[in-house]
Each structure stands twice: as structure tokens, then as C-alpha cells.
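Before any comments, here is the structure.
Protein chains: 2
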Amino acid sequence: MGQKSCAMTSTPPPDATPGEHVAVLGTGLIGTSVAMAAARAGCRVTGWDIDPDTVAHAAARSGLEPRPRLEDAVVDADIVVVATPIAAVAATVTAALLAAPGAIVTDAASVKGHLVTDVLAVMGDDVQATVRYVPGHPMGGSERSGPEHASASVLDGIVWVVTPHPDTDAAHTEALESWIERLGARPVRLTPERHDRLVAMVSHLPQVASTSLMGLAAKEEADEPEILLLAAGGFRDLTRLAASQPALWSEILVANRDQVASAIELFAARLLALRDAIARGDTAEVESLFERSKRARLGLATKPTVRSGVAVWQVEIPDEPGALARITAVLGAGKVNIEDLQIVHSPEGGRGTVHLTVAASSAGSCADVLAGGGYDPIRLA
Amino acid sequence: MGQKSCAMTSTPPPDATPGEHVAVLGTGLIGTSVAMAAARAGCRVTGWDIDPDTVAHAAARSGLEPRPRLEDAVVDADIVVVATPIAAVAATVTAALLAAPGAIVTDAASVKGHLVTDVLAVMGDDVQATVRYVPGHPMGGSERSGPEHASASVLDGIVWVVTPHPDTDAAHTEALESWIERLGARPVRLTPERHDRLVAMVSHLPQVASTSLMGLAAKEEADEPEILLLAAGGFRDLTRLAASQPALWSEILVANRDQVASAIELFAARLLALRDAIARGDTAEVESLFERSKRARLGLATKPTVRSGVAVWQVEIPDEPGALARITAVLGAGKVNIEDLQIVHSPEGGRGTVHLTVAASSAGSCADVLAGGGYDPIRLA
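Sequence order for the protein chains is R and B.
The first sequence begins at 72 in our numbering and counts up by one.
The second sequence begins at 72 in our numbering and counts up by one.
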């Protein structure tokens, strides 16, 4: 088996092997983005997709070498990344383990436990193969899909969860993590079960809550056409995810059904406990629950999140054409990269306030640049 | 009783009376913003607050004439606007009805039914007074509070709900609505009960859901410190409201307890129905529920919302310093006012895409300006 890490183009590590080779199976947005990040890190990349047009588009965008069959794509590969739709992942992983006897095989599916079970159900006796399967989940993406919207930057700084199963060889896990770092992402190791439990809570449950809230308001609207007139910024924030892809999400939620069902139950129980406190007029208890959540929310941006440490500033701007242009120009001229910018809304609307998120390492220069531009920022986190 | 409408500074209507006079009772952010919008429309404004410092600050910011006592502030007023904290509204409305026998009295409280009941319980026999009480709810605000953050623009284009009770004189309701329009806001008439039911669904329930989700994740974090590592843009969207003011919200929710409890129950029932479909693996049913919510959400921006008609564009931008500066400069130079700008996140992160919201009347010029700047916008709504 060859080296598992790719050379950075600029500073090749001493142990880099020129012939190292990554195969991507499934060249949609994530697969092609992985191909582009790997190429940027100096890897040779081959690719296959069940749809010949898709792999041709991916080749045109990323420079990967297209192959007509899965078996052709994985020949001599050190690392195989399976990035097909979730329903095809287990079979594609299995095929890759068999077709590439030397390679580490990983995948990009957003649910892990069920997948590991499926792969081991077929391959369980073949320990030579299963030790090489290191399941993963790069937590990046885009609202778009398809190779034409891929970019190496999709992976920059994201959390890429690695979920070895009990038979996975530890050296393979470490080699994959090292390669993920070289691609510019941040490996985080969890068991498949913990991964599924945590994403149910912070990714799948928000999706379910958003969709349910939008569905409820839409149903009410049939009888109460004015209802959406009264919907201000808060409602919009809460329902933005409801515009996500139904086919993708129904597949993810059903694949993680036990953990999602459990997260929904915990959430519903919490809602109904709050309802009880409200219904009995217990203002002190309601305020105390809100106070705890507020502290947690304000602390969120100081956590090592997906963007690995951020600072959040609140800045007042005039509500007029050019106001955003001015503040973003001031920051751009000061070389401050804006990680996120939100025009914030109070419980009931309000305009002219933005929340700026920058990397924690830029917090000081951001403050200086804003002050130099005549702004009076308040640091929130 | 004098005229109920104020002259616009630029084009006084023929029936305007120079001496028309608005009194604001409670000069926090909303009260002082009303004072500023009224002054902008040519009204004389007097004000009172239980805290002498607050009314002094309001006077310095807005030019209202401060008065030491409620009774002094309302002398000769045509319209009295009560904008105190919610717990003091009923008593202040009652006092104003008695102290200003010629005036229309309205208020800015965000819950109406309970308040109307309280006022009528005290004043019910005095029909001469109660016909002049026209409850209201200007649905604007800011994350800040206090007169020092007030602005007439807080009211620009917002929905201002007017909720006459059965004894309210129709002519008074119409006069108040006409005055609201002159201030630059948009009057919408509802019964107190419908108002409370609708805001429970689209304002109070989102707050409860956001706080409950954040509370749940914070509790899990004690056992699972990695959980917030996996929290991407969707979780942040859903929990942003959880940073709202606990004292304000506990008061609002308890004041609207019956409607809020009912909205929470409907939401919990909907969540649990979705849980059942997920748990039994009914992908088709889950997808169909998601599809309906997606259609409703995409339609939301095309509704006559708070911002009275908007267009939403999706635009790809590079993830680098200056990228936001460039697009906002292009729009500013093209005189396009950005109503909202969001750096959007997929279910699992993603960067470099913004959603721009502009007034529907600017949709065409926004498209032209973006295309002229080299962008390739996709219209979402």
C-alpha cells in the first residue's frame, strides 16, 4: 500500500510519494469538490460516476481523470472517496473495497451507523477488506448540487467527521485524518453511533423543526390569510431551512430514523414543558428557561465551531443604499475576510443593525478597521 | 376633538390643523420612534415617562416636549400613544382615557386580547371613554432598547396592526389608520383575538421553538462536548432568536398564554406526526411533507410581508476579502437598496452564496445592476 497523504503543492513533506492517487466515486458537488481540493494538494485524481455526463462535467471542472467503470477508477488508488447519493453508498463502498485491495476506502454520507452495518453485513468476514474501511462525513456543502458548482473552497476549514468502526485499522484512520488536514479541512473522530446521535440533534432536528413550523403556518394560512403579513424576521430565520431539498432530506432522516425520532421526542417534551410553565403563568420559570438558552446561544459563537473560532460584532448602519457597500468596503480594504454577515431582526423586525462574523484571529484587526471607518462596533462573542 | 391626522411636512393635506398634537406615554425605543415619525409628519409631540431621565433622553433625541406628569403630557392631545412595558399598558391607557377626554388613545403592546379585557373591566360603563380606545401593535422594533436607539425609520413600511374592540367608534379606527399611514407604516385591521392567535403562531411560537432547541442542545453538550462542533448554519439560523431578551419574552408569552399554549400543542403534534413517518421509514410521506413546506417557504418572500413585497436573488460570490464589498458596491452604485442580505448555508455549511432581498419595485433594476457587475443572479422569489 502506498503513502496515504498527498504532497502540498508548495511544501511537499519529505515522505510524499509522487504517484499517490485518489479515486472519487460519485462526482457530484461533494465528490468533485474533494477532487479539486486533492488536486490542489498535489494528488493525482481519477473519477467515476454512474452518469457519464456527470463525470465528464467533473473532469472539465476539476481536471480529474474520468474513468468509464468503477474498477478502472480505483486502479492503484491509495484513497477512495465514495460520494454517491446515500442509497448507493454501501454498495459502492463494498465494490471499492473489493476492486482496490490496497486502498483506504472512505465515504461522505451524512448518516453513518446504518451504513457501517450494511457494509459489514456483506463484508464482515473479509477482515482484510473491512480494516480498510474508514467511514467519514465532510460537513460542508452548498445549496447547489452537481459538479459545475464544485469548489475546493467547499472543504476549507470545515469539520470532516471520521467514524472508524471496531475493525478499522487505527493506522488507516490516522492516515485518512492526516490527508483530510492536507486538504484544508478539520478531522474530528467520533464513533458512528455518536456521530448519528449528534447530527440528529444539531442538523436533522433543526431541519424537522423548520419544516414543521413552515407547514403549520401554511396550513393556518388557508383559514387566516393575514398570518404571513405578521411574519417578521424571526419567522423567516426559523423557516429558511424549510426550502431545502425534500428528496435529500427524506432520505437522510429515514436513514437516521432512530436517532431522529429520539431527538424529536426530546424536543417535543421540552416544548410541552415550556407550554406548561406558560399556561400556568409562571413568568419566573419561563424567564429562567429563556435566560439559560440565551447564555448558551451567546456562547455558541465562541465555541470551536465549524469555522474553528469566530468573533461576532454588532454594528449599526444607516438604512439606505450604499450603507452595506460602505462597511464591506471598509472591511475589504482592511483585508478582513467576512465569514458571515447578517442584517439582524428583533423579535418584531427592525433594520440597520448587522452582525459580522470574522475568524477569531482577525478579531483585533476587525475592531481597528471598523473604528477607523467611523463605526462603533459592539462585540457580542 | 381636533383633527386626527398630521400634516406631512412637504404636502399638507387641505384639512390639516396646525395645532394637532400627539402625546407619547412611555418613551423607550418604540415610544420615541413614534415621536420622531410623528414629528417628521408635522405633528406636535409631547411625552411622559415614569422615569424622568428616560423622557429627558427622548426629548434630546426626538425633540418631543417632555412633561413631568401623564396628565400634563396629554392636555389637548388628539392622539395618545401608550408605549410602556406591557405590565403598565392597561393602567396607562385607562389613565389617558380619563385625562384626555377628547383624544383617541392607542397602545403598542404586542398582546391585545388580555389588555382589552383589562381596560374594559375598569372602563366598561364609561362608553364615552371606551369608544376612543383603539388598541394597536406596531410590528417594528430593534434588538436595542431605550430612546437613544430610537429612529423614525423603525416604523418605515412596517405592519401596524389595529385591533378595535366591539365598542370602538369606527371613525376613530379610521382616523388612527390614516395617521399610521402618514407616519409611513402600514395599518392592518384585525380583531384582538385574531391578532393574538396569529402572532402566537408566527412570532411567539418561533421564539419558543428557538429557545427550546438551544436549551436542548446546551443540555446535551454537558454529556457530548463535541455536539456544537457539528452545528452548522442551519442550527445557527434556528437558534438566533434564543438570544432575545428573557424578561421581555416571558412577559409576552404569559400575557398571550392561551394562544401560545395552543400554538405549541399544534407544533408538537405536527413534529410527532413527522416523527412517526420517519420512524416507520415512510420516505414518500416524509418527502411529501417536506415538499409542501418547501413550496410554502419559497412563496413566503412573494407574499405582501412586513416589507410589502420583495424579490429575492441568489448570487455566487468568491470566498475572499472584498467579495461582499464588491457586490454591495455594485448595488449601491446602482442605487439599489438592500432590504436583506444573507450568506446562505446549506444543510451542512457551504459558503460563497448570498441571498439578496430587495423591494419588489427594484427587482428589475437589481437584476440589471447585478448583470452589469458581472454576476449571474438566480431569482428565487
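Where is the CB? At the ideal position from N, CA and C, for every residue including glycine.
Please list the terminal residues of the continuous alpha helix (DSSP H) segment that includes residue i.
i: R268 (chain R); result: 263-270
i: D447 (chain B); result: That residue, D447 (chain B), is in no alpha helix (DSSP H); it is neither H nor E in DSSP.
i: T155 (chain B); result: T155 (chain B) -> no alpha helix (DSSP H), and no H or E assigned at all.
i: L331 (chain R); result: According to the sequence provided, residue 331 (chain R) is Val. The question's Leu does not apply to it. Unbroken alpha helix (DSSP H) run through V331 (chain R): 328-350.
i: I175 (chain R); result: That residue, I175 (chain R), is in no alpha helix (DSSP H); its beta strand (DSSP E) goes 175-178.
Nearest to residue i by CA position, among the options, is which residue?
i: G228 (chain B); options: B:L299, B:R257, B:A144, B:G102; result: B:R257
i: V279 (chain R); options: B:E358, B:M210, B:R253, B:A242; result: B:E358
i: T282 (chain B); options: R:V116, R:R368, R:T428, R:G207; result: R:R368
i: A271 (chain R); options: B:L324, B:L247, B:H275, B:I298; result: B:I298
i: T239 (chain B); options: B:V190, B:S181, B:K365; result: B:V190
i: Q199 (chain R); options: R:W384, R:V151, R:A404, R:L168; result: R:L168
i: A112 (chain B); options: B:E252, B:T310, B:P317; result: B:E252
i: G195 (chain B); options: B:H236, B:V225, B:E264; result: B:H236
i: E292 (chain B); options: R:S364, R:A144, R:I388; result: R:S364
i: H92 (chain B); options: B:A108, B:G99, B:I101, B:W231; result: B:A108
i: S222 (chain R); options: B:D329, B:R397, B:I388, B:A404; result: B:I388
i: A179 (chain R); options: R:A166, R:P172, R:A303, R:A159; result: R:A159
i: L300 (chain R); options: B:S104, B:G370, B:L337; result: B:G370
i: T188 (chain R); options: R:W384, R:P172, R:V429, R:V164; result: R:V164
i: E142 (chain R); options: R:T117, R:L345, R:D439; result: R:T117
i: P156 (chain B); options: B:R132, B:I175, B:G217; result: B:G217
i: E410 (chain B); options: B:R397, B:A382, B:L395; result: B:A382
i: A192 (chain B); options: B:M210, B:A161, B:G211; result: B:A161
Give me the chain R residues within the contact set of residue i, using Cβ-Cβ distance strictly less than 9 Å, ordered along the chain.
i: K365 (chain B); result: T282, M285, A313, A314, S315, Q316, P317
i: D124 (chain B); result: The contacting residues do not exist; D124 (chain B) stays about 22 Å from chain R at best.
i: G352 (chain B); result: V325, R328
i: E142 (chain B); result: Residues of chain R passing the Cβ test: none, with the nearest at roughly 30 Å.
Shorter than 7 Å from the beta carbon of residue i to some beta carbon of chain B?
i: D294 (chain R); result: no
i: S321 (chain R); result: yes
i: D178 (chain R); result: no
i: P277 (chain R); result: yes
i: T234 (chain R); result: no
i: I251 (chain R); result: no
i: T310 (chain R); result: yes
i: E362 (chain R); result: yes
i: L342 (chain R); result: yes
i: V273 (chain R); result: yes
i: I157 (chain R); result: no
i: R450 (chain R); result: no
For the beta strand (DSSP E) that contains residue i, what are its first and last residues?
i: L96 (chain R); result: 92-96
i: R257 (chain R); result: 257-260
i: T282 (chain B); result: From DSSP, T282 (chain B) is part of no beta strand (DSSP E) but of the alpha helix (DSSP H) over 276-294.
Taking residue i as the query, report the chain R residues whose CB atoms sit under 7 Å from its CB, ordered along the chain.
i: I349 (chain B); result: L324, V325, R328, V331, A332
i: A393 (chain B); result: It is worth fixing the name first, because residue 393 (chain B) is Gly in this sequence and not Ala. Those are G403, listed as they occur along chain R.
i: L337 (chain B); result: L287
Output, in chain order, the set of chain B residues within a Cβ distance shorter than 7 Å of residue i.
i: V357 (chain R); result: S321, L324, V325
i: T399 (chain R); result: L395, A396, T399
i: V270 (chain R); result: L301
i: E297 (chain R); result: V259, L261, L269
Are the C-beta of residue i and some C-beta of chain R separated by less than 7 Å?
i: G445 (chain B); result: no
i: E264 (chain B); result: no
i: R368 (chain B); result: yes
i: I388 (chain B); result: no
i: E91 (chain B); result: no
i: R132 (chain B); result: no
i: L100 (chain B); result: no
i: R346 (chain B); result: yes
i: E291 (chain B); result: yes
Count the other C-beta atoms from every protein chain shown that fall within 10 angstroms of the C-beta of residue i, then say buried if there are 16 or more, exposed otherwise.
i: S417 (chain R); result: The predicted position of S417 (chain R) is uncertain, since its pLDDT is 37 and thus under 50; no value can be drawn from it.
i: S432 (chain R); result: exposed
i: D149 (chain R); result: buried
i: I449 (chain B); result: exposed
i: E219 (chain B); result: exposed
i: G420 (chain R); result: Bear in mind that the predicted position of G420 (chain R) carries a pLDDT of just 37, short of 50, making it unreliable; the figure below should be weighed with that in mind. Answer is buried; the Cβ neighbour count reaches 16.
i: R140 (chain R); result: exposed
i: A314 (chain R); result: buried
i: G207 (chain R); result: buried
i: P296 (chain B); result: exposed
i: D447 (chain B); result: exposed
i: S181 (chain B); result: buried
i: R268 (chain B); result: buried
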